[in-house]
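Below is one structure; the comments refer to it alone.
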Amino acid sequence: MRGSMALFSSDRNAGADDIRRSLQAVESSSSRYRWPLIGGGAVLVLLLSFYFFTGSGNGTTFRTVKAEKGNLTVVVTATGTLEPVKEVTVGTEISGIVQEVLVDENDRVKKGQALARLNTDKLEAEYSQAFSSVSSAEAGLVEARATLDEARENLKKLEELHRLSGGLTPSKQDLLTARSTMNRAVAKENSAKASIKEAKARLAVTEINLKKSVIRTPINGIVLQRKIEPGQTVAASFSTPELFVIAENLTQLVLKAEVDEADIGRVHTGQPATFTVDAFPGRVFDAKITRVRFAPTASTSTSEAVVTYETTLRVNNNDLVLRPGMTATAEIVVEKLTDVLVVPNAALRFAPPVEAPKKSFIASLMPGPPRRSRPPSQNGEKRVWTVKEKQPVAIAVKTGSTDGTNTVITEGDLKPGTDLIIEMIEAK
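Given below as structure tokens:
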């Protein structure tokens, strides 16, 4: 206190000397400048009075928080889209006109249930034609077999006659002709058999196409999309037309979220997570990671390329409030720490300003640059500040994990319960 009073007295004497010199200057000046100088001296006296009675009474207070033992949960944030666990697009392999649509969107369907029917007039005509071809081929086989039997019997008779006559009759040419006739009959029989197989194959194709004219669901589920109407023509010449989208089970969904490459090293299968959707802003849903893809997903913006990794989370949706396609913001729990020393990040950011060098009284009245903050700590050292004898005192610490609001202290002399400065308030 005596030091403060001494400083105050010294400043006052310096101010008095400045006033005395100013008045002497006024006395020595010419008469035409005397009154303006006297006015300037009066202003200087007022400034001195303000400095003495207000400037020297400034004080500083500190806002503090306590370092405490507690728990810390570190999360990684990612956004993604909800999708069904299994989704099937139902199409058609044949072209035709839609005759009837039997289901609508949101309908529950069972495996094998008919969804739509195509017009079968053309298919039925093709079936009749294929059936007739089979009958014709079978008749051709009967004829070929009769011809073969006849040729075989004729050859047998000629060979017997040739043996009995001692080779005199029939001639060798007649025997050769008879054998050729029989061989041709065998070939015709084989051809008739092949024709039957071909006709039956065409018949089977038409039967399959008739069955395919009824569009059926391959799974149990819910109709998410219906893309056809009665009377619409579907063409399957080059690609399979998409008619319906069926989701197998909406009580189980997956959230496919994109995790930034800076965070993917801490994300693993089995980690719990929570997420929110815009449709239910006050509700938090649980999830669990089931897969982390190794292949990156690169998206290029106008400024830079962003690399992310698709992460799949399993979601229970027993009450069916969540729907495929909803955008979700997930928080993946990558680390849980219990009973650790934590401090607010504001305490780590705080640093008291560097003391400015002392000025003369006149210089103190002049405007100057703002007070500088202390330089950041060197070699990665972190510091927090506490109050001792109304002055900030630094405590060196080493930090660990952070959740963005609080940080774990791993080393240092900081004790639980210590008041840490987060803001300095200067009285005005």
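In the numbering used here, the protein residues as written are 140 to 567. A virtual CB, placed ideally from N, CA and C, is assigned to each residue, including glycine. Only a predicted model underlies this, so the values are computations on that prediction, with no experimental measurement involved.
Task: Straight-line Cα distance separating Val523 from Ile561 - done: Their backbone Cα atoms lie some 9 Å apart in a straight line.
Task: For Glu328, the three-state DSSP class (helix, strand or coil) - done: In this structure, Glu328 counts as helix in the three-state DSSP scheme.
Open item on the list: Tell me the rounded alpha-carbon separation between Val242 and Leu254.
Closed with: Looking at the backbone, the Cα of Val242 and that of Leu254 are separated by about 6 Å.
Open item on the list: Using only CA atoms, which one of Thr549, Gln530 and Ile367 lies nearest to Thr231?
Closed with: Checking every option, the nearest Cα to that of Thr231 belongs to Ile367.
Open item on the list: Can you check which of these residues, Glu239, Val229 and Ala343, is closest to Gly251 by C-alpha distance?
Closed with: If we check each option's Cα against that of Gly251, Val229 comes out closest.
Task: Candidates Thr538, Leu262 and Gly305: closest to Ile236 by CA position - done: Distance check between Ile236 and each of Thr538, Leu262 and Gly305 places Leu262 closest, using alpha-carbon atoms only.
Task: Rounded separation between Met563 and Val204 - CA only - done: Whole-angstrom Cα-Cα distance: 12 Å.
TODO: Could you pull out every residue in the same chain whose Cβ sits closer than 8 Å to the Cβ of Thr218, ignoring the five residues on either side in sequence?
DONE: Exclusion of the five residues before and after Thr218 leaves Ala396, Glu397, Thr466, Ala467, Thr468 and Ala469 as the residues of its chain whose Cβ lies within less than 8 Å of its Cβ.
Task: C-alpha distance - Thr193 paired with Lys527, whole-angstrom precision - done: Any reading at Thr193 is ruled out, since the residue's pLDDT is 38, under 50, leaving its predicted position unreliable.
- [ ] Within 10 angstroms of the Cβ of Asn545, are there 16 or more other Cβ atoms? Answer buried if so, exposed if not.
- [x] Burial call: buried.
Task: Length of the line joining the Cα atoms of Thr286 and Ala264 - done: Note on geometry: alpha-carbon atoms of Thr286 and Ala264 lie some 33 Å from one another.
Task: Glu263 - DSSP class collapsed to helix/strand/coil - done: In this structure, Glu263 counts as helix in the three-state DSSP scheme.
- [ ] Return the residue from the list Thr212, Ser234 and Val273 that minimises the CA-CA distance to Ser569.
- [x] One cannot answer for residue 569 here, as it falls past the ends of the chain, which runs 140 to 567.
Open item on the list: Count Cβ pairs between the stretch 407 to 419 and the stretch 481 to 494 that sit closer than 8 Å; are there 3 or more?
Closed with: The stretch 481 to 494 and the stretch 407 to 419 do not touch, with fewer than three beta-carbon pairs separated by less than 8 Å.
- [ ] Examine the Cβ distances between the stretch 532 to 548 and the stretch 207 to 215 and report whether three or more of them are shorter than 8 Å.
- [x] Three or more Cβ pairs drawn from the stretch 532 to 548 and the stretch 207 to 215 lie within less than 8 Å of each other, which places the two stretches in contact.
Task: Rounded straight-line distance, which links the Cα of Arg355 to that of Thr390 - done: Rounded to the nearest angstrom, the two C-alpha atoms are 23 Å apart.
Open item on the list: One question on the structure: do Thr525 and Leu559 come within less than 8 Å of each other, judged by their Cβ atoms?
Closed with: Taking 8 Å as the Cβ cut-off, Thr525 and Leu559 qualify as a contacting pair.
Task: Three CB pairs or more closer than 8 Å across the stretch 274 to 292 and the stretch 312 to 326 - done: The stretch 274 to 292, when compared against the stretch 312 to 326, does touch it at the 8 Å Cβ threshold.
Task: C-alpha distance - Leu342 paired with Leu297, whole-angstrom precision - done: Looking at the backbone, the Cα of Leu342 and that of Leu297 are separated by about 43 Å.
Task: Where Asn457 sits in the DSSP three-state scheme - done: Asn457: coil per DSSP, three-state reduction.
Open item on the list: By the three-class DSSP mapping on this structure, what secondary structure does Trp174 have?
Closed with: Legend: pLDDT at Trp174 = 44, less than 50; position of this residue unreliable, no value from coordinates given.
Task: Which of helix, strand or coil DSSP assigns to Thr413 - done: The three-state secondary structure of Thr413, taken from DSSP, is strand.
Task: Own chain, CB closer than 6 Å to Ala374, minus 5 neighbours either side, in chain order - done: Excluding residues within five positions, the ones whose Cβ falls inside 6 Å are Ser234.
Open item on the list: Below 8 Å on the Cβ atoms is my contact criterion, and I expect Tyr448 with Val460 to pass it. Report the Cβ-Cβ distance as a whole number of Å.
Closed with: Rounded to the nearest angstrom, the Cβ distance from Tyr448 to Val460 is 28 Å, too far for a contact under 8 Å.
TODO: For Glu328, count neighbouring Cβ atoms within 10 angstroms of its own Cβ and tell me buried if that reaches 16, exposed if not.
DONE: It is buried - the Cβ of Glu328 has at least 16 other Cβ atoms within 10 Å.
Open item on the list: Can you tell me whether Ser378 is helix, strand or coil according to DSSP?
Closed with: Coil at Ser378, not helix or strand.
Task: Counterpart residues of Lys537 in DSSP-defined beta bridges - done: Here Lys537 is bridged, per DSSP, to Glu550.
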